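Below: one structure, written as C-alpha coordinates.
Residue numbers (our numbering): 548 to 686.
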(Lines of atoms letter the chains of each structure in order from A; the text may use other names.)
(Lines give C-alpha, C1' and ligand atoms only; values in the text may rest on other atoms or scores of the structure.)
Protein backbone atom coordinates (compact mmCIF):
# COMPACT_ATOMS: atom_id res chain seq x y z
CA UNK A 548 0.00 0.00 0.00
CA UNK A 549 2.84 2.38 0.88
CA UNK A 550 4.59 1.61 -2.43
CA UNK A 551 1.39 2.43 -4.29
CA UNK A 552 1.10 5.76 -2.44
CA UNK A 553 4.73 6.70 -3.22
CA UNK A 554 4.22 5.80 -6.86
CA UNK A 555 1.13 8.04 -7.05
CA UNK A 556 3.03 10.95 -5.45
CA UNK A 557 5.86 10.55 -7.96
CA UNK A 558 3.37 10.51 -10.85
CA UNK A 559 1.69 13.69 -9.58
CA UNK A 560 5.06 15.42 -9.17
CA UNK A 561 6.08 14.45 -12.72
CA UNK A 562 2.83 15.79 -14.15
CA UNK A 563 3.24 19.00 -12.14
CA UNK A 564 6.81 19.50 -13.39
CA UNK A 565 5.72 18.79 -16.96
CA UNK A 566 2.98 21.40 -16.61
CA UNK A 567 5.46 23.99 -15.32
CA UNK A 568 7.87 23.36 -18.18
CA UNK A 569 5.10 23.88 -20.74
CA UNK A 570 4.01 27.13 -19.14
CA UNK A 571 7.50 28.65 -19.28
CA UNK A 572 7.64 28.26 -23.05
CA UNK A 573 4.52 30.43 -23.33
CA UNK A 574 6.35 33.43 -21.84
CA UNK A 575 7.96 34.18 -25.21
CA UNK A 576 4.61 35.06 -26.77
CA UNK A 577 4.69 38.74 -27.63
CA UNK A 578 1.53 40.71 -26.96
CA UNK A 579 2.62 43.75 -28.94
CA UNK A 580 5.00 43.09 -31.78
CA UNK A 581 6.20 44.04 -35.21
CA UNK A 582 7.15 41.25 -37.58
CA UNK A 583 8.92 41.60 -40.87
CA UNK A 584 9.88 38.83 -43.15
CA UNK A 585 10.16 37.37 -46.58
CA UNK A 586 9.59 34.02 -48.15
CA UNK A 587 8.51 31.98 -51.11
CA UNK A 588 10.57 30.94 -54.06
CA UNK A 589 11.50 27.38 -54.86
CA UNK A 590 11.78 26.25 -51.23
CA UNK A 591 8.92 28.29 -49.81
CA UNK A 592 10.95 28.98 -46.68
CA UNK A 593 9.88 32.03 -44.70
CA UNK A 594 12.30 34.17 -42.68
CA UNK A 595 10.58 36.10 -39.90
CA UNK A 596 11.91 38.54 -37.31
CA UNK A 597 9.69 39.62 -34.42
CA UNK A 598 10.39 42.78 -32.46
CA UNK A 599 8.68 43.31 -29.12
CA UNK A 600 7.94 46.72 -27.64
CA UNK A 601 10.89 46.31 -25.26
CA UNK A 602 13.25 45.80 -28.23
CA UNK A 603 13.73 42.05 -28.12
CA UNK A 604 14.33 40.57 -31.56
CA UNK A 605 13.29 36.97 -31.99
CA UNK A 606 13.67 34.57 -34.87
CA UNK A 607 11.92 31.19 -34.68
CA UNK A 608 10.99 31.91 -31.05
CA UNK A 609 14.62 32.42 -30.02
CA UNK A 610 16.06 35.68 -28.74
CA UNK A 611 18.53 37.02 -31.30
CA UNK A 612 19.39 40.47 -29.91
CA UNK A 613 17.80 43.66 -28.67
CA UNK A 614 17.18 47.01 -30.38
CA UNK A 615 17.69 50.31 -28.60
CA UNK A 616 14.55 51.87 -27.14
CA UNK A 617 14.86 54.87 -29.48
CA UNK A 618 14.99 52.58 -32.52
CA UNK A 619 11.87 50.72 -31.40
CA UNK A 620 10.01 53.99 -30.79
CA UNK A 621 10.98 55.19 -34.27
CA UNK A 622 9.89 51.93 -35.89
CA UNK A 623 6.50 52.18 -34.18
CA UNK A 624 6.08 55.86 -35.06
CA UNK A 625 7.00 55.19 -38.69
CA UNK A 626 4.00 52.88 -39.09
CA UNK A 627 1.68 55.86 -38.75
CA UNK A 628 3.96 58.49 -40.32
CA UNK A 629 4.38 56.42 -43.50
CA UNK A 630 0.70 55.51 -43.54
CA UNK A 631 1.28 51.77 -43.30
CA UNK A 632 -1.75 51.45 -41.03
CA UNK A 633 -3.89 52.66 -43.97
CA UNK A 634 -2.53 50.19 -46.56
CA UNK A 635 -4.63 47.11 -47.26
CA UNK A 636 -2.54 44.78 -49.38
CA UNK A 637 -2.32 41.02 -49.57
CA UNK A 638 -0.72 40.25 -52.94
CA UNK A 639 2.20 37.90 -52.42
CA UNK A 640 4.10 36.84 -55.48
CA UNK A 641 6.33 33.84 -55.88
CA UNK A 642 8.77 35.71 -53.63
CA UNK A 643 7.14 38.03 -51.12
CA UNK A 644 7.80 40.42 -48.25
CA UNK A 645 5.52 41.24 -45.37
CA UNK A 646 5.07 43.55 -42.44
CA UNK A 647 2.76 42.57 -39.62
CA UNK A 648 2.16 44.34 -36.36
CA UNK A 649 -0.04 44.12 -33.33
CA UNK A 650 -0.22 47.33 -31.33
CA UNK A 651 -2.87 48.64 -28.96
CA UNK A 652 -5.19 45.74 -29.73
CA UNK A 653 -5.01 46.17 -33.52
CA UNK A 654 -3.34 43.60 -35.75
CA UNK A 655 -2.49 44.46 -39.34
CA UNK A 656 -0.62 42.52 -42.02
CA UNK A 657 0.64 43.76 -45.37
CA UNK A 658 2.07 41.30 -47.88
CA UNK A 659 3.41 42.10 -51.35
CA UNK A 660 5.33 40.70 -54.29
CA UNK A 661 9.00 41.40 -53.58
CA UNK A 662 9.67 42.04 -57.28
CA UNK A 663 6.76 44.39 -57.90
CA UNK A 664 7.65 47.93 -58.92
CA UNK A 665 4.04 49.04 -58.47
CA UNK A 666 3.96 48.58 -54.69
CA UNK A 667 3.74 51.61 -52.39
CA UNK A 668 7.32 52.91 -51.93
CA UNK A 669 6.76 53.38 -48.18
CA UNK A 670 6.43 49.62 -47.73
CA UNK A 671 9.90 48.92 -49.09
CA UNK A 672 11.33 51.96 -47.28
CA UNK A 673 9.99 50.74 -43.93
CA UNK A 674 10.88 47.10 -44.59
CA UNK A 675 14.44 47.94 -45.66
CA UNK A 676 15.00 50.22 -42.67
CA UNK A 677 13.84 47.67 -40.09
CA UNK A 678 15.70 44.89 -41.91
CA UNK A 679 18.87 47.02 -41.82
CA UNK A 680 18.55 47.66 -38.05
CA UNK A 681 18.15 43.94 -37.39
CA UNK A 682 20.97 42.76 -39.64
CA UNK A 683 23.30 45.44 -38.29
CA UNK A 684 22.96 43.74 -34.88
CA UNK A 685 23.08 40.09 -35.87
CA UNK A 686 25.82 40.10 -38.52
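Idealized CB from N, CA, C, for every residue including glycine. Nothing here was measured: the structure is a model prediction, and the numbers come from that model.
- The three-state reading of DSSP puts residue 610 in strand, counting E and B together.
- Straight across, the Cα-Cα distance linking residue 646 with residue 624 is about 14 Å.
- Here residue 610 is exposed: its Cβ has fewer than 16 other Cβ atoms, across all protein chains shown, within 10 Å.
- Of 641, 586, 615 and 608, the smallest CA-CA separation from residue 684 is found for 615.
- Relative to residue 659, the option among 652, 679 and 635 whose CA is nearest is 635.
- In the three-state DSSP reduction, residue 592 falls in the coil class, being neither helix nor strand.
- The region 596–611 makes no contact with the region 652–667, as fewer than three CB pairs between them are under 8 Å.
- Per DSSP, the continuous beta strand (DSSP E) segment holding residue 653 begins and ends at 653–660.
- Spanning the alpha carbons of residue 661 and residue 605 requires a straight line of approximately 22 Å.
- Just so you know, the alpha carbons of residue 648 and residue 631 end up roughly 10 Å apart.
- Annotation: the continuous beta strand (DSSP E) that includes residue 644 extends over 642–650.
- Rounded to the nearest angstrom, the Cβ distance from residue 585 to residue 644 is 5 Å, consistent with a contact under 8 Å.
- In the structure shown, the three-state DSSP call for residue 634 is coil.
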